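Student: Once you've had a glance at the structure underneath, I'll fire off some questions.
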Amino acid sequence: MQLRCSYCHNMFALSREAALVALHTMESENLQHYDAHCLSCRRANTVARDRLERAYPNWQAEYKTMMKEAAKAEKEQAALEKKAAEAKKEKSEAKKKPKRKSHGKKSKAK
Ligand SMILES: [Zn+2]
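With our numbering applied, the sequence shown covers 5 to 114.
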């Protein structure tokens with residue numbers, strides 16, 4: 005969503021993610037507006053809640069999806085870290101069991 009700063013009149017973008025988070029915050033805190041900070045002069049521009057709601061009429065579902073994706077990404081990150089930790093462990097165990105072959109998709113070494 006493009007906004008025009010009411011102080012310096014520069015256009016700046018409010019990302020979809022930021023808008024969805026703002027809508028969620030306004031709902032949970034019962035606020036009627038959101039302060040979007042101008043990228044040029046950093047001053048807060050008031051954006052009415054209904055304006056955001058009109059821009060994202062399906063924001064609740066979109067917010068849910070976004071959070072789900074974030075949780076999924078976090079999970080994947082955790083899985084990767086776990087894998088890395090296990091790989092480390094395997095490496096140290098490899099001395100005991102030298103016959104272990106790495107199976108799986110082409111993994112990037114390093
Ligand atoms: Zn500005």
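Backbone N, C-alpha and C fix where the C-beta goes; we use that ideal spot for every residue, glycine too.
Because the structure is a prediction, the values reported are computed rather than measured.
With burial defined as no fewer than 16 other Cβ atoms inside 10 Å of the residue's Cβ, what is the status of residue 26: buried or exposed?
Tutor: Residue mapping note: residue 26 aligns to position 22 of the sequence shown, counting from 1. Answer is buried; the Cβ neighbour count reaches 16.
Student: Comparing the CB of residue 44 with every heavy atom of ligand 1, is any distance shorter than 7 Å?
Tutor: By one-based count along the sequence shown, residue 44 stands at place 40. Yes, the Cβ of residue 44 comes within 7 Å of a heavy atom of ligand 1.
Student: Would residue 24 be called buried (16 or more neighbouring beta carbons within 10 Å of its own) or exposed?
Tutor: Locating residue 24 in the sequence shown gives position 20, where the first residue counts as 1. When all chains shown are included, residue 24 counts as buried.
Student: Does DSSP classify residue 40 as helix, strand or coil?
Tutor: In the sequence shown, counting from the first residue as 1, residue 40 sits at position 36. Here residue 40 sits in strand by DSSP.
Student: Tell me residue 15's beta-bridge partners as DSSP assigns them.
Tutor: Numbered from 1 along the sequence shown, position 11 holds the residue referred to as residue 15. Answer by DSSP bridge pairing, in chain order: 8.
Student: Going by DSSP in three states, residue 98 sits in which element: helix, strand or coil?
Tutor: The residue you call residue 98 lines up with position 94 of the sequence shown. Looking at residue 98 - three-state DSSP - the assignment turns out to be coil, as it is neither helix nor strand.
Student: Tell me whether residue 88 is buried or exposed, calling it buried when 16 or more other Cβ atoms sit within 10 Å of its Cβ.
Tutor: As a working note, residue 88 is residue 84 in the sequence shown. Exposed, because fewer than 16 other Cβ atoms sit within 10 Å of the Cβ of residue 88.
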